[in-house]
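Numbering (the working numbering), first residue to last: 825 to 995.
Pasting the structure below:
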């Protein structure tokens with residue numbers, strides 16, 4: 825019988841998430857290395873790159889943690905710590921970048937940050953559901969939503985900053 829809250833039923837999903845995240849990290853690092861000087865000199869592009877790599881790394885680590893045979897409560901704690909950790913790192917980096925531009929950003933940048941925090945919130949809700957509720961209330965579905973959201977957010981962010989770099993650098 826299929827049990828949707830059993831991590832064993834999610835092995836292929838989390839393996840795919842971890843693999844996709846790792847592949848995207850590699851591609852982004854290559855893109856960054858091609859334009860390293862320009863990206864390093866731009867607060868905007870450096871912030872985009874950093875946030876994208878942090879989210880992809882968190883998504884990869886969540887996928888890997890889900891593959892480790894362990895009690896569900898431990899996995900839930902790990903998911904929560906990873907989600908909290910990536911939100912904390914991005915908050916630190918966002919604050920540092922915001923201070924450099926006197927907290928003046930376009931509305932789209934604020935929305936992207938909000939989406940990033942919503943993705944982290946999905947992970948925290950899922951972790952809480954697994955640890956405190958035995959998976960009732962969504963459990964791994966929230967973690968799945970977090971990882972899919974993280975991948976989509978990171979792909980969009982990578983596209984935005986790499987195309988932005990090419991557009992700004994010109995031919």
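Beta carbons: idealized from backbone N, C-alpha and C, even for Gly.
As the structure is a prediction and not an experimental result, all values here were calculated from the model.
Tell me which residue opens and which closes the alpha helix (DSSP H) that residue 983 is part of.
Mapped onto the chain shown, residue 983 falls at position 159. 964-993 is the extent of the alpha helix (DSSP H) around residue 983.
Out of curiosity, what's the CA-to-CA distance linking residue 848 and residue 990?
Locating residue 848 in the chain shown gives position 24, where the first residue counts as 1. Locating residue 990 in the chain shown gives position 166, where the first residue counts as 1. Roughly 19 Å between the two C-alpha positions.
For the alpha helix (DSSP H) containing residue 874, list its first residue and its last residue.
The residue labelled residue 874 in the question sits at position 50 within the chain shown. Unbroken alpha helix (DSSP H) run through residue 874: 867-891.
In whole angstroms, what separates the C-alpha of residue 780 from that of residue 915?
Here the chain comprises residues numbered 825 to 995, so residue 780 is not present and cannot be evaluated.
For residue 945 and residue 854, what's the separation of their Cα atoms in angstroms?
Translated into positions along the chain shown, residue 945 becomes position 121. Translated into positions along the chain shown, residue 854 becomes position 30. Within the model, the alpha-carbon separation for residue 945 versus residue 854 is close to 30 Å.
Secondary structure of residue 831, DSSP reduced to three states:
Your numbering for residue 831 matches position 7 in the chain shown. Helix.
Quick one: what's got a C-beta closer than 6 Å to residue 825's C-beta in the same chain, skipping five residues either side?
Numbered from 1 along the chain shown, position 1 holds the residue referred to as residue 825. Because residue 825 sits at a pLDDT of 41, beneath the cut-off of 50, its placement in the model cannot be relied upon, and the following sentence gives the value as read from the coordinates. Once the five neighbours on either side are set aside, residue 825 has no close Cβ partner at all.
Kindly indicate which three-state DSSP category residue 959 falls into: helix, strand or coil?
For the purposes of this step, residue 959 is taken as residue 135 along the chain shown, with counting starting at 1. Correct three-state label for residue 959: coil.
Rounded C-beta distance between residue 835 and residue 891? I'm assuming under 8 Å.
Here the question's residue 835 lines up with position 11 in the chain shown. Here the question's residue 891 lines up with position 67 in the chain shown. With a Cβ gap of about 6 Å, residue 835 and residue 891 count as contacting.
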